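> Encoded as structure tokens, here's the structure I'll be asking about.
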Amino acid sequence: MFKKFLQRNPVTKNYVSLINQINCLEKNLKILNDNELKTLSFQLKKQYAKEQDLTLLITQSFALTREASVRTLGLRHFDVQLIGGLVLNSGKIAEMQTGEGKTLVATLPAYLNALTKKGVHIVTVNEYLANRDQVSMGQIYRFLGLNTGLIREDMTSYQRKQNYNADITYVTNSEIAFDYLRDNQVLNIQDAVLRYLNYCIIDEIDSILIDEARVPLIISNPIYTPIYKYITAAELTNYLELNLHFKVQEKTKNIILTSQGSKLIEQILKIQDLYNEIDPWIPYILNAIKANTLYFRNVHYIIQNNEVIIVDEFTGRTMGDRRWGDGLHQAIEAKEKLPILENSETLAQVTYQNFFLLYPKLSGMTGTAKTSEIEFEKVFKLSVEVIPTAQPSIRKDLPDFIYKDQLSKWNAVAKECKNISSTGQPILIGTTTVEKSEVLSNLLNEYKLSYELLNAKPNNLRRESEIIAQAGKECSITIATNMAGRGTDIILGGNVQFRIRKQLYSILVYYKNQCKTNKFYTIFPFLKKVELSSQKFLSVLLTLINNSEFLILSDEDILRVLNENDKPQVPKLVYQYSIRVLFNELIIFEKKRQKIDNKIVKNLGGLYIIGTERNDSRRIDNQLRGRCGRQGDPGTSRFFVSLDDKLLRIYGGPNIQKFMQSQFLDNSPLEDKLITKSLNAAQKRIEEDDYNSRKILLDYDDVLNKQRIVVYYERRKILESKSVREIIMSYAEQIIADIVIELRKDDNLYNKEFIVITKNIFGNYLDLERFEDLTNKISLFSPIELKTYLFDKFWFQYQEKLISLEVQQPGIIPFLERTIILLYIDRAWKEHLKKMSLLLDSVGWRAYGQRNPLYEYQEEAYQLFLTRNSTTRFLVIFDMIRSSIL
2 MFKKFLQRNP
12 VTKNYVSLIN
22 QINCLEKNLK
32 ILNDNELKTL
42 SFQLKKQYAK
52 EQDLTLLITQ
62 SFALTREASV
72 RTLGLRHFDV
82 QLIGGLVLNS
92 GKIAEMQTGE
102 GKTLVATLPA
112 YLNALTKKGV
122 HIVTVNEYLA
132 NRDQVSMGQI
142 YRFLGLNTGL
152 IREDMTSYQR
162 KQNYNADITY
172 VTNSEIAFDY
182 LRDNQVLNIQ
192 DAVLRYLNYC
202 IIDEIDSILI
212 DEARVPLIIS
222 NPIYTPIYKY
232 ITAAELTNYL
242 ELNLHFKVQE
252 KTKNIILTSQ
262 GSKLIEQILK
272 IQDLYNEIDP
282 WIPYILNAIK
292 ANTLYFRNVH
302 YIIQNNEVII
312 VDEFTGRTMG
322 DRRWGDGLHQ
332 AIEAKEKLPI
342 LENSETLAQV
352 TYQNFFLLYP
362 KLSGMTGTAK
372 TSEIEFEKVF
382 KLSVEVIPTA
392 QPSIRKDLPD
402 FIYKDQLSKW
412 NAVAKECKNI
422 SSTGQPILIG
432 TTTVEKSEVL
442 SNLLNEYKLS
452 YELLNAKPNN
462 LRRESEIIAQ
472 AGKECSITIA
482 TNMAGRGTDI
492 ILGGNVQFRI
502 RKQLYSILVY
512 YKNQCKTNKF
522 YTIFPFLKKV
532 ELSSQKFLSV
542 LLTLINNSEF
552 LILSDEDILR
562 VLNENDKPQV
572 PKLVYQYSIR
582 VLFNELIIFE
592 KKRQKIDNKI
602 VKNLGGLYII
612 GTERNDSRRI
622 DNQLRGRCGR
632 QGDPGTSRFF
642 VSLDDKLLRI
652 YGGPNIQKFM
662 QSQFLDNSPL
672 EDKLITKSLN
682 AAQKRIEEDD
692 YNSRKILLDY
702 DDVLNKQRIV
712 VYYERRKILE
722 SKSVREIIMS
732 YAEQIIADIV
742 IELRKDDNLY
752 NKEFIVITKN
762 IFGNYLDLER
772 FEDLTNKISL
782 FSPIELKTYL
792 FDKFWFQYQE
802 KLISLEVQQP
812 GIIPFLERTI
822 ILLYIDRAWK
832 EHLKKMSLLL
842 DSVGWRAYGQ
852 RNPLYEYQEE
862 AYQLFLTRNS
872 TTRFLVIFDM
882 IRSSIL
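Written out as structure tokens, the structure reads:
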């Protein structure tokens, strides 16, 4: 029956033959023991090493991975998951619905491509997911003889290098991109942590490559910051009025200062020109107005430890390692009256788009990629394949409820929660900001409803996985700011793993504390109070509470051991083994209850999703809807919107607003097709605008990216070479060639400026009197003869310098040559980035002169790059000639 379904499906019918071959191998693999499976894995490695062709190993490796998964995790890949793995291996994006097992799917192409021994990177959106997946899925790889790595934020360079050298490495998108930038700043190849990029699987690929595409990752150094200007500008905004002194373009997040506004500000500051190039005030004023009118606390950022922390609008998480650029972050700090941190200059930068395009083979998976299919095709050459669900979806997506204003909408959401929760059906409510999630929580408090709150605030975020895991429990209400990349399945009836961990923690802490204050015989009666009366459980618990190593553990230590319970390593200590046994015993007991709870919640209608506002992107809405109805479960979703929601207010148009206002007689909702159509059109328009915006940014960034690739390639070549003498000689040859070209441009060839240039290169070694005579008779010499003369003079001078340095410090020359070249490459690149940033800021105005800004940018960027190259060569030679050892 499934075969017929696949053949009818236009996406999956191409994979039917491979699926059948994989399934045919399953019976043969089941009769093999563990060692024989490992031997087969070793044979596949040898086969690839000999034939260098992965396509010949697809069916065997996929079948082997599935069997290893069954034996280690107890999970067997469905046929649709095999299809997902084949799609990923072919360098495409697999769109799989929430709960369809994307994490398990990734093991199939990961194992296959790891056979090359060139490394596989599995990229996740946060460290929790990377750690969880490496621990759980890593059991499959290790069973098959491969090793896995995990990159954490707190790791040293040595630890990072060890983990990147693993066959399969789990890492977050930001960590690997920053490691790439840091690797291209090291002065010793041993300090580089990444090896050459090979194959990458990106989880939540739309979130990483689209939602985060606008903001580059930057490594920077602090520079002088005029703090008084930020403070003055923040105070000055109190005297400015909207539409009189400035106008706000909410769509583009832009501020336009009126002539009245400019005059008033100049009067207050007692200056003549806001735009003075020597001492400009305009960027500080515009940022101060932006901070007050476009960026709000608990919406775009939160205050934590006296710092402004950005909140990612797509994931609802904090981004502690990010700061807004161009002085905006400092303006917000001034607005909030917080310490203003120093501004910075860019040392290196890259966008996620351009970084991930460096991989020879790239693929990704997500639940919502089809709406951005065109962008993936055009920008990344990645096609999107929609993978069918293992079970038919029975989720009900109800029409939107439309209300006349925010107050009516929020009251309606609270009443809906009260009505639904009275039946016991679990509810998950999606809000767009921290502020709105707290508004709703206050309303639910008035109705005396219990709930869990998950937003970017640290006290809520720490319990993220636990909150999401129990969101499917009967009678539960969960408020979350966003559901992208949460990584924990919502299981109807609750997640038994999290529940048991919490229960066992309470038991262990209770008995540990009792043992510290009581003798053994007085504690025994407490053992009978444990709900589970299994003899094995009681016996192991009794052994544990008499273990001296266990009794000295703190409560935090016990929690850590419990969190590490699912790691595959064999426990080293008795108490670790005992805790694992207790956990497994509780699992057996609790699974029976979980099945009952699951059936109860299914009968109630499954998880009920409430969206409190349509997002700018349909993908974000679909991510929220996709949290219910997983794996054939029932579920319902409905969005509550109001006419003054951002989407309708900005993009709906005045006609829609006027028409709809006339339709409301009271606070009752409308189910209006016109509004739904308008919302869909607005979302589509925003997506198109955002795509065009990202495309333009990518076109500009592509210019810098090509230059970056050249510089980083040159830098890597220098790092890996045993000697850079040839490079220095080539630099000298190029400089001499440039000198000869300049000499032959004019009849008046010999001048003071030229003497300065030649002295900078040759010092006093060059016989300038002889050279003057030579240049006055330039027509008698060919360019080659002139170049030869100058290069010979340079070579003799350079050799003399090397001998003198070698005498002072034997063996210093290779290190000195390499270090000087790398330092000047980095210095010139830093200055180049600064010039490119200024060029990007200014080139847009040229459109008013009927000139193509992108073409102008490309032309000038090329000239700047040539200047950078010649400057680097000149500085390297200049410094080497004058080097000394103190």
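Quick note on numbering: the sequence shown equals residues 2 to 887 in the working numbering. All C-beta atoms, glycine included, are put in the ideal place defined by N, C-alpha and C. Computed from a predicted model, the values in this text were never measured in an experiment.
Taking the alpha carbon of Cys25 as the reference point, which residue from Ile311, Ile310, Thr56 and Gln61 has its own alpha carbon closest?
The candidate whose alpha carbon is nearest that of Cys25 is Gln61.
> Could you check if Gly850 is buried or exposed, using at least 16 other CB atoms within 10 Å of its CB as the buried criterion?
The residue in question, Gly850, is exposed, as its Cβ has fewer than 16 Cβ neighbours within 10 Å.
> Verify whether the separation of the beta carbon atoms of Gln354 and Val385 is less than 8 Å.
The answer is no: Cβ separation not under 8 Å.
> Note the first and the last residue of the continuous beta strand (DSSP E) segment covering Leu151.
Segment Thr149 to Leu151, the beta strand (DSSP E) holding Leu151.
> Do you know whose CA, among Ile219, Glu251 and Lys162, lies nearest Lys831's CA?
Considering only alpha carbons, the answer is Ile219.
> Threshold first: 3 residues or longer. Then list the beta strand (DSSP E) segments lying entirely within the stretch 185-256, N to C.
For the stretch 185-256, whole beta strand (DSSP E) runs of length 3 or above, ordered along the chain, are 200-204, 218-224 and 247-250.
> Is DSSP giving Gln851 helix, strand or coil here?
If DSSP states are grouped into helix, strand and coil, Gln851 belongs with coil.
> Thinking C-beta only, is Asp646 closer than 8 Å to Glu614?
Contact flag set, yes.
> If you draw a straight line from the C-alpha of Leu57 to the C-alpha of Ser91, how long is it?
Spanning the two alpha carbons is a distance of roughly 13 Å.
> Excluding sequence positions up to five away, which residues of its chain have a Cβ less than 8 Å from the Cβ of Glu96?
Met366, Thr367, Gly368, Thr369, Ala370, Lys371, Val385, Glu386, Val387 and Ile388.
> Is it right to say Leu212 is buried, meaning 16 or more other beta carbons lie within 10 angstroms of its own, or is it exposed?
What sits at residue 212 in the sequence shown is Asp, not Leu. Buried, by the Cβ-count rule.
> Pick from Tyr701, Lys723 and Ile813: whose alpha carbon is nearest that of Pro217?
For Pro217, the nearest C-alpha among the options comes from Tyr701.
> Whose C-beta lies closer than 6 Å to the C-beta of Leu145 among residues of the same chain, with five residues either side of it excluded?
Hits under 6 Å: Ser42 and Ala69.
> What's the C-alpha gap between Asp748 and Ile742?
The predicted model places Asp748 with a pLDDT of 48, which falls under 50 and marks its position as unreliable, so this point remains unresolved.
> According to the Cβ coordinates, are Ile882 and Arg819 closer than 8 Å?
No; because the gap between Cβ atoms is not below 8 Å, this pair is not in contact.
> Helix or strand or just coil, what does DSSP make of His833?
Three-state DSSP puts His833 in a helix.
> What is the DSSP secondary structure of Gln273, counted as helix, strand or coil?
Of the three classes helix, strand and coil, the one that applies to Gln273 here is coil, per DSSP.
> Go ahead and pull the three-state DSSP assignment for Leu454.
If DSSP states are grouped into helix, strand and coil, Leu454 belongs with the strands.
> Is it right to say Asp558 is buried, meaning 16 or more other beta carbons lie within 10 angstroms of its own, or is it exposed?
With fewer than 16 other Cβ atoms within 10 Å, it is exposed.
> Can you tell me the Cβ-Cβ gap for Asn34 and Arg716, rounded? I've got them flagged as a contact below 8 Å.
No, Asn34 and Arg716 are not in contact; Cβ-Cβ is about 50 Å, not under 8 Å.
> Does the separation of the CB atoms of Val121 and Lys162 fall below 8 Å?
Going by C-beta atoms, Val121 is not nearer than 8 Å to Lys162.
> Less than 8 Å between the C-beta atoms of Val497 and Glu586, yes or no?
No.
> Using a Cβ-Cβ cutoff of less than 6 Å, which residues in the same chain neighbour Met320 once the five nearest sequence positions on both sides are dropped?
Correct list, in chain order: Ile311 and Asp313.
> Compare the C-alpha of Lys723 against each of Gly495, Leu245, Phe792 and Ile190 and name the closest.
If we check each option's Cα against that of Lys723, Ile190 comes out closest.
> Just list the residues that DSSP pairs Asn344 with in beta bridges.
Paired residues: Ile224.
> Scan the stretch 584-636 and note each continuous beta strand (DSSP E) run of 3 residues or more that stays entirely inside, going in chain order.
The qualifying runs are 608-612.
> Quick one: Cα of Tyr240 to Cα of Lys685, how far?
Approximately 39 Å between the Cα atoms of the pair.
> What residues match up with Arg298 in a beta bridge as DSSP calls it?
Arg298 is bridged to Tyr302.
> Tell me the residue span of the beta strand (DSSP E) that contains Met366.
Lys362 to Thr367 is the span of the beta strand (DSSP E), which, as asked, contains Met366.
> Check whether the stretch 230-246 touches the stretch 389-401, taking contact to mean three or more Cβ pairs, one atom from each stretch, closer than 8 Å.
Touching, no.
> Can you have a look at Val562 and say buried or exposed, based on whether 16 or more other CB atoms are within 10 angstroms of its CB?
Val562 should be labelled buried.
> Tell whether a beta-carbon distance below 8 Å holds between Glu475 and Ile597.
Contact: no.
> Return helix, strand or coil for Arg67, following the three-state DSSP convention.
Looking at Arg67 - three-state DSSP - the assignment turns out to be helix.
> Taking only the alpha-carbon atoms, compute the straight-line gap between Gly486 and Asn456 and give it to the nearest angstrom.
Bear in mind that a pLDDT of 49 at Gly486, under 50, signals an unreliable position, so the number given afterwards is only what the model happens to contain. Their backbone Cα atoms lie some 14 Å apart in a straight line.
> So, are the CB atoms of Glu1 and Ile228 less than 8 Å apart?
Only positions 2 to 887 of the chain appear in this structure, which leaves residue 1 out of reach.
> Taking just the CA atoms, how far does Leu803 sit from Lys794?
Computed Cα separation, rounded: 15 Å.
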